[in-house]
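As structure tokens, the structure follows; a few thoughts come after it.
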Amino acid sequence: MVKQGVIPDELTKPFWDAANDGRLVIQNCTACNRLQHPPAPACGQCGSKDNLEWKGMSGRGKIYNYGVVYDCPIRLLQDDQPFNLAVIMLDEDPGIQMYSHLPGTPVDEVPVGASVEVLFEATANGQKVPEWRVVG
Ligand SMILES: [Zn+2]
């Protein structure tokens, strides 16, 4: 499915640039040793703006739960309805969660708890976005 293009802003640009390079990076506070996503201008725990870095992730995670979308307001996605919408927990920190349509997994046959790995799909404007697929 071709997804709506993403327009990076100053804050999120490193995340999207890394996605275009096929890498998953997450904002990390080196003072707290704490990951946070989505990115923010300051650490949500200590408030520091000066200790934030972009940390490379393994690209591995697990499926926390999922839903099936039958009536999506985003026009580009309507042709593909119904589709899976799963919540992925990163192996590095289960508190860091991302959504996925789980390409390759049939609708409503999502194996909750299964391992997944990241891949990167181009959207309508060429920007790549992280997606996840179940690994055996
Ligand atoms: Zn911090």
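Numbered according to our numbering, the sequence shown spans residues 80 to 215. Every residue, glycine too, gets a C-beta built ideally from N, C-alpha and C. Nothing here was measured: the structure is a model prediction, and the numbers come from that model.
Query	Result
Between which two residues does the alpha helix (DSSP H) containing residue 156 stretch?	154 to 157
For residue 117, which of helix, strand or coil comes out of DSSP?	coil
Restricting to runs no shorter than 3 residues, where is the beta strand (DSSP E) found entirely within the region 163 to 213?	172 to 179, 194 to 201, 207 to 213
Using a threshold of 9 Å, state whether the C-beta atoms of residue 128 and residue 106 are closer than that.	no
Sort 209, 122, 148, 195 by Cα distance to residue 139 and report the nearest one.	195
So, helix, strand or coil for residue 99, using DSSP?	helix
Can you name, in chain order, every residue of its own chain whose Cβ lies under 6 Å from the Cβ of residue 165, other than the five neighbours on each side?	142, 145, 179, 181, 189
To the nearest angstrom, report how far apart residue 183 and residue 207 are at their CA atoms.	18 Å
Please return the same chain residues whose Cβ sits closer than 7 Å to the Cβ of residue 152, not counting the five positions on each side in sequence.	none
Buried or exposed: which applies to residue 119, given that a residue is buried once 16 or more other Cβ atoms fall within 10 Å of its Cβ?	exposed
Starting from residue 108, trace the beta strand (DSSP E) in both directions and tell me its first and last residue.	104 to 108
As a quick exercise: from 170, 203, 85, pick the residue whose alpha carbon is nearest that of residue 211.	170
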